[in-house]
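Beneath this line is the structure, given in structure tokens, with notes to follow.
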Amino acid sequence: AATNAEGYFFILNVPVGVYNIKASMVGYAPMIQTKVIVDVDRTVTVNFKLTSSAIEMAAVEVTWQRDVIQPDVASTQEIIHTQRIEEIPLVRVDEFVGKLKGIELVDNTEGHGLSVRGGAIRETDVRIDGISLQDPRSENSYLALNSTAIEQLQVLTGGFEAKYGGIQSGLVNVVTKEGSRERFNMSLKLDITPGGHRKFFGVNPWSDESPIYEVFAGKYAMNGIRTKADSEAVPPEFWGFKGWNDPRTGTYPELPRGVRLTPEQKLTLWKIRHPQYAFANKPDVYLEGTITGPLPGENIPLLGWYLGRTTFLLSYKYENSQFAFPLGPRDSYIDWNTQIKLTSTLLPSLKLSVEGMYAKVSSLNEGRASTYGGALVDPSSSFNFLNNTANAVRRQASLIGGSDGFYQLFNKSRLQFYDQRYVIGGFRLTHTLSPKAFYNLSFQFGYTDHKLAPFALDTTKPNAWIYIDGYRFMNVPQGGTPNASTNWAMDELNMFWLYGGTQRDDSSYSWVGQIRGDFVAQLGMHNQVEAGFSTKLTYLHVYGGTWYQSERMWTPDLWQYYTVTPIEAGIYLQDKLEFQGMIANAGVRVDYFNPNKRGFIVTSPPDPAYTAFYNTIYMNLPGAWGSYQRWLIYKDMLEDPPGWPRSDNRV
Numbered sequence: 001a002a003t004n005a006e007g008y009f010f011i012l013n014v015p016v017g018v019y020n021i022k023a024s025m026v027g028y029a030p031m032i033q034t035k036v037i038v039d040v041d042r043t044v045t046v047n048f049k050l051t052s053s054a055i056e057m058a059a060v061e062v063t064w065q066r067d068v069i070q071p072d073v074a075s076t077q078e079i080i081h082t083q084r085i086e087e088i089p090l091v092r093v094d095e096f097v098g099k100l101k102g103i104e105l106v107d108n109t110e111g112h113g114l115s116v117r118g119g120a121i122r123e124t125d126v127r128i129d130g131i132s133l134q135d136p137r138s139e140n141s142y143l144a145l146n147s148t149a150i151e152q153l154q155v156l157t158g159g160f161e162a163k164y165g166g167i168q169s170g171l172v173n174v175v176t177k178e179g180s181r182e183r184f185n186m187s188l189k190l191d192i193t194p195g196g197h198r199k200f201f202g203v204n205p206w207s208d209e210s211p212i213y214e215v216f217a218g219k220y221a222m223n224g225i226r227t228k229a230d231s232e233a234v235p236p237e238f239w240g241f242k243g244w245n246d247p248r249t250g251t252y253p254e255l256p257r258g259v260r261l262t263p264e265q266k267l268t269l270w271k272i273r274h275p276q277y278a279f280a281n282k283p284d285v286y287l288e289g290t291i292t293g294p295l296p297g298e299n300i301p302l303l304g305w306y307l308g309r310t311t312f313l314l315s316y317k318y319e320n321s322q323f324a325f326p327l328g329p330r331d332s333y334i335d336w337n338t339q340i341k342l343t344s345t346l347l348p349s350l351k352l353s354v355e356g357m358y359a360k361v362s363s364l365n366e367g368r369a370s371t372y373g374g375a376l377v378d379p380s381s382s383f384n385f386l387n388n389t390a391n392a393v394r395r396q397a398s399l400i401g402g403s404d405g406f407y408q409l410f411n412k413s414r415l416q417f418y419d420q421r422y423v424i425g426g427f428r429l430t431h432t433l434s435p436k437a438f439y440n441l442s443f444q445f446g447y448t449d450h451k452l453a454p455f456a457l458d459t460t461k462p463n464a465w466i467y468i469d470g471y472r473f474m475n476v477p478q479g480g481t482p483n484a485s486t487n488w489a490m491d492e493l494n495m496f497w498l499y500g501g502t503q504r505d506d507s508s509y510s511w512v513g514q515i516r517g518d519f520v521a522q523l524g525m526h527n528q529v530e531a532g533f534s535t536k537l538t539y540l541h542v543y544g545g546t547w548y549q550s551e552r553m554w555t556p557d558l559w560q561y562y563t564v565t566p567i568e569a570g571i572y573l574q575d576k577l578e579f580q581g582m583i584a585n586a587g588v589r590v591d592y593f594n595p596n597k598r599g600f601i602v603t604s605p606p607d608p609a610y611t612a613f614y615n616t617i618y619m620n621l622p623g624a625w626g627s628y629q630r631w632l633i634y635k636d637m638l639e640d641p642p643g644w645p646r647s648d649n650r651v
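For the sequence shown, our numbering begins at 1 and goes up steadily by one.
Structure, rendered in structure tokens:
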């Protein structure tokens, strides 16, 4: 870059990172400013004071000093660099972000995510190199980022510029590393916690030391709580237990009329149905790794021209964390992702970046069921899941220590299987038109899917039953809820729940495609003008219901199958004004949203016209009632059923 007559210079479109800048002029000794840090959306001021020299001298090297007060920051934001990320005493990046002022990492009825200034989780977006990680179905963002791949984090909590659309509370902007053509770099982080360490204090409720087993399977098992000394030694909840020798102890609806179990048989069945679950007996593993460098193959014919101008980033992250308690059918939370990024300098003025990421989450869901209307009006917490953050561990404890948590100690079907996948990618083309102007053109896509399934016991399978001396009993709680019904059942003493909980089934998925363009120009010393556009198309397919409906009976229940394709678009214009005593970001943005579907009015009971439609159409379709054959025909009609009350769109 060359200065003007007043010595002012500027360099646009500099990637985030640390740089050395050299200034030279005829008749003056050169000077090098080292360790100049470039941040996202920041104007970095570098001043040179050259000394005159009649002879050629070596360059004077000084270390650049960051301004204590950042005058060009007009929004509420925090910039986190690589070094700070490496020094944090926390394993996960989202936990670190949750410690910043005004931000909280929450696990509540809204789901799992970041709450900025008390706002809802869905109001905060997480973007990696400009690509959104927000899932359209749950409106939650993927947060398990690989810290070794991050060059810089920008956390915005207010005063958003016009170029940021769709943000209400906050934005986490992640900039990943690019690599160098000169060398390879590798970062590795490994954290292993040996298995067998409890994540809580006190007696293990699922052990012989627990009062539960001492009363029902130990010292008091046969004769129960009889004396004052007995009652003083056990919790009040157990004072009514009279022992297995008492013929009135225990209710067994599976037995034929007139058949009674012996005390020994009752004790055996109680032990089977109240197992001493093994949990947290495997190590917690947290692994992160990233390698960057030149992409090999510059001597390959035809491709060598491209490969010789390209750097790569390849990263992998894996975490497997044991749950603190045996809450459901899974023992641990597993989350892994891999990312690849190729950055090519095609011409001195043309740069292309291509990247993609795949992520998979396997956990337990502890959200609530749908409200009336099936999948149409799901709360976000339908897709909340447990992980290994401190908040999530406290949430696990609250499930055990809640108002009915004690009675749920053995009910593993209270929580559901939950799997989620993220596939994102895109490219970004940057063209420098002149030292004063450049533009970006990018295409992004994203795919997410959910698999939510209950811990179901298929009663048609042989392993659904256990036998004690020829008598057959249902294999609960270890097998799950029979046929994933919405019923709840307690044990023979009417004390502990054996099964019951949210019995939903969901296999929804979504596609998102977005095209974005941005133009930036520096107009003199005081104005940096930006203008741009974005268009976004979402394809969201929702398929939800109950396990019995999806696995055994294809019943035409209300609004468990539908597709929406909303369209979003936006344009903006902004100007960053920088004067000696004033910095301002002034801009305007216009957004357009079209849901491409008329709104549904959910009422109970259903609209009579829809009921008539069901009675006259579904009941006369080919195939048996509840058959898959009939469902295939009817489900397409569910997209726009005659008679369902609608509201007009407000675009």
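Idealized CB from N, CA, C, for every residue including glycine.
Item to complete: In the DSSP assignment, find the unbroken alpha helix (DSSP H) run with M637 in it and report its ends.
Response: Taking the first residue of the sequence shown as 1, we reach residue 637 at position 637. Taken as a continuous stretch (DSSP letters only), the alpha helix (DSSP H) holding M637 covers Y628 to M637.
Discussion item. For E366 and L143, what's the separation of their Cα atoms in angstroms?
Written reply: The residue given as residue 366 occupies position 366 in the sequence shown. The residue given as residue 143 occupies position 143 in the sequence shown. Those two C-alpha atoms are separated by around 18 Å.
Discussion item. Beta-carbon within less than 6 Å of T343's beta-carbon, same chain only, minus the 5 sequence neighbours each way: which residues are those?
Written reply: Here residue 343 corresponds to residue number 343 of the sequence shown, with the count starting at 1. Correct list, in chain order: E178, T311 and S353.
Worksheet item: Exposed or buried, what is E151 when buried is set at 16 or more other beta-carbons lying within 10 Å of its beta-carbon?
Response: The count along the sequence shown starts at 1 and reaches residue 151 at position 151. E151 should be labelled buried.
Worksheet entry | A120 versus S169: straight-line alpha-carbon distance, rounded | On the sequence shown, position 120 is the one that residue 120 refers to. On the sequence shown, position 169 is the one that residue 169 refers to. Approximately 8 Å, taken between the alpha carbons.
Practice prompt. Rank S507, V476, T345 and N185 by C-alpha distance to the C-alpha of H431 and give the top, closest one.
Written response: Translated into the one-based positions of the sequence shown, residue 431 becomes position 431. When only C-alpha atoms are compared, the closest one is T345.
Worksheet item: So, helix, strand or coil for N527, using DSSP?
Response: Against the sequence shown, residue 527 aligns to sequence position 527. In this structure, N527 counts as strand in the three-state DSSP scheme.
Worksheet item: Is the beta carbon of I85 less than 7 Å from the beta carbon of S147?
Response: Taking the first residue of the sequence shown as 1, we reach residue 85 at position 85. Taking the first residue of the sequence shown as 1, we reach residue 147 at position 147. Closer than 7 Å, so yes.
Worksheet item: Going straight from the alpha carbon of V393 to that of V46, what length do you get?
Response: Residue mapping note: residue 393 aligns to position 393 of the sequence shown, counting from 1. Residue mapping note: residue 46 aligns to position 46 of the sequence shown, counting from 1. About 47 Å.
Discussion item. Between the alpha carbons of K271 and L537, how many angstroms are there, rounded?
Written reply: Here residue 271 refers to the residue found at position 271 when the sequence shown is read from its first residue. Here residue 537 refers to the residue found at position 537 when the sequence shown is read from its first residue. Straight-line Cα distance between these residues: approximately 55 Å.
Fill in: Own chain, CB closer than 6 Å to I192, minus 5 neighbours either side, in chain order
Numbered from its first residue, the sequence shown carries residue 192 at position 192. For I192, where only same-chain residues beyond five positions count, the Cβ hits under 6 Å are P283 and V285.
Discussion item. My assumption, with CB atoms under 8 Å, is that Y614 sits in contact with F496. Please give the rounded CB distance.
Written reply: Locating residue 614 in the sequence shown gives position 614, counting from the first residue. Locating residue 496 in the sequence shown gives position 496, counting from the first residue. Going by Cβ atoms, the distance from Y614 to F496 rounds to 41 Å, so no, they are not a contact pair.
Discussion item. Is the separation between the beta-carbon of T292 and that of Y316 shorter than 7 Å?
Written reply: If you number the sequence shown from 1, residue 292 lands on position 292. If you number the sequence shown from 1, residue 316 lands on position 316. At a Cβ-Cβ threshold of 7 Å, T292 and Y316 do not count as neighbours.
Discussion item. Give the list of continuous alpha helix (DSSP H) stretches no shorter than 4 residues that lie fully inside the segment 75-99.
Written reply: For the segment 75-99, the full-length alpha helix (DSSP H) segments reaching 4 residues or more read 82-87 and 93-97 along the chain.
Item to complete: With a 10 Å radius around its C-beta and 16 neighbouring C-beta atoms as the bar for buried, classify W305 as buried or exposed.
Response: Stepping through the sequence shown from its first residue, residue 305 is reached at position 305. Exposed, by the Cβ-count rule.
Practice prompt. Say whether the segment 432-448 touches the segment 457-472, bearing in mind that this needs 3 or more beta-carbon pairs closer than 8 Å, one atom from each stretch.
Written response: no
Worksheet item: Is it a yes or a no for the segment 287-301 touching the segment 243-262, going by three-plus beta-carbon pairs under 8 Å?
Response: no
Worksheet item: Taking DSSP as the reference, what is the three-state secondary structure of W559?
Response: As a first step, residue 559 is located in the sequence shown; it is residue number 559 there, counting from the start. Any reading at W559 needs caution, since the residue's pLDDT is 49, under 50, leaving its predicted position unreliable; the model's value is listed next. It is coil, neither helix nor strand.
Worksheet item: Does the segment 383-397 touch the segment 476-486, meaning 3 or more C-beta pairs lie closer than 8 Å?
Response: no
Worksheet item: Using the rule of at least 16 other Cβ atoms within 10 Å of the residue's Cβ for burial, across every protein chain shown, is Q654 buried or exposed?
Response: The structure shown has nothing for residue 654, since the chain only spans 1 to 651.
Worksheet item: Which residue or residues does DSSP assign as beta-bridge partners of L347?
Response: Translated into the one-based positions of the sequence shown, residue 347 becomes position 347. L347 is bridged to L350.
Practice prompt. Over the uninterrupted beta strand (DSSP E) stretch that includes R504, give me the two end residues.
Written response: Residue 504 sits at position 504 when you count from the first residue of the sequence shown. Per DSSP, R504 belongs to the beta strand (DSSP E) from R504 to D506.
Worksheet item: What are the boundary residues of the beta strand (DSSP E) that D591 is part of?
Response: Position 591 of the sequence shown, counted from the first residue, corresponds to residue 591. It spans I583 to N594 - the beta strand (DSSP E) in which D591 sits, taken as one unbroken run.
Worksheet entry | At least three beta-carbon pairs within less than 8 Å, the segment 189-206 to the segment 119-133 | no
Discussion item. Could you tell me the alpha carbon to alpha carbon distance between L307 and S349, rounded to whole angstroms?
Written reply: Working through the sequence shown from its first residue, we reach residue 307 at position 307. Working through the sequence shown from its first residue, we reach residue 349 at position 349. For L307 and S349, the distance between alpha carbons rounds to 17 Å.
Worksheet entry | K566 versus S508 - alpha carbon distance | In the sequence shown, counting from the first residue as 1, residue 566 sits at position 566. In the sequence shown, counting from the first residue as 1, residue 508 sits at position 508. Position check: residue 566 holds Pro in this sequence, whereas Lys was assumed. Those two C-alpha atoms are separated by around 16 Å.
Item to complete: Compute the distance between the beta-carbons of D419 and S362, then report whether it is under 7 Å.
Response: Counting from one through the sequence shown, the residue named residue 419 turns up at place 419. Counting from one through the sequence shown, the residue named residue 362 turns up at place 362. Yes.
Worksheet item: Cβ of V423 less than 7 Å from any chain C Cβ?
Response: The displayed structure is made up of one protein chain only, and chain C is not part of it.
Discussion item. Given this structure, state the Cα-to-Cα distance separating K244 from L493, to the nearest angstrom.
Written reply: Taking the first residue of the sequence shown as position 1, residue 244 is located at position 244. Taking the first residue of the sequence shown as position 1, residue 493 is located at position 493. This sequence places Trp at residue 244; Lys is not what is there. Rounded to whole angstroms, W244 to L493 spans 10 Å at the Cα level.
Practice prompt. Name the residue from I167, D129, G426 and I80 whose alpha carbon lies nearest to the alpha carbon of S115.
Written response: As a first step, residue 115 must be located in the sequence shown, where it is residue number 115. That would be I167, whose Cα lies nearest to the Cα of S115.
Worksheet item: What's the C-alpha gap between W631 and G328?
Response: Here residue 631 refers to the residue found at position 631 when the sequence shown is read from its first residue. Here residue 328 refers to the residue found at position 328 when the sequence shown is read from its first residue. Rounded to whole angstroms, W631 to G328 spans 32 Å at the Cα level.
Worksheet item: Under 7 Å between the Cβ atoms of L267 and A221?
Response: Residue numbering aside, residue 267 sits at position 267 when the sequence shown is read from its first letter. Residue numbering aside, residue 221 sits at position 221 when the sequence shown is read from its first letter. Yes, the pair counts as a contact, with Cβ atoms nearer than the cut-off.
Item to complete: Let me know the secondary structure DSSP gives M619 once reduced to three states.
Response: Residue 619 sits at position 619 when you count from the first residue of the sequence shown. M619: helix per DSSP, three-state reduction.
Item to complete: With a threshold of 16 other CB atoms inside 10 Å of the CB of D107, please say whether the residue is buried or exposed.
Response: By 1-based counting over the sequence shown, the position of residue 107 is 107. D107 should be labelled buried.
Worksheet entry | CB-CB length for V215 against V234, believed under 8 Å | On the sequence shown, residue 215 is found 215 positions in, with the first residue counted as 1. On the sequence shown, residue 234 is found 234 positions in, with the first residue counted as 1. Confirmed, about 5 Å.
Practice prompt. Please work out which residues of its chain come closer than 8 Å, Cβ to Cβ, to N13, disregarding the five sequence neighbours upstream and downstream, and give them in chain order.
Written response: By 1-based counting over the sequence shown, the position of residue 13 is 13. These residues qualify, in order along the chain: T430, T432, F438 and V520.
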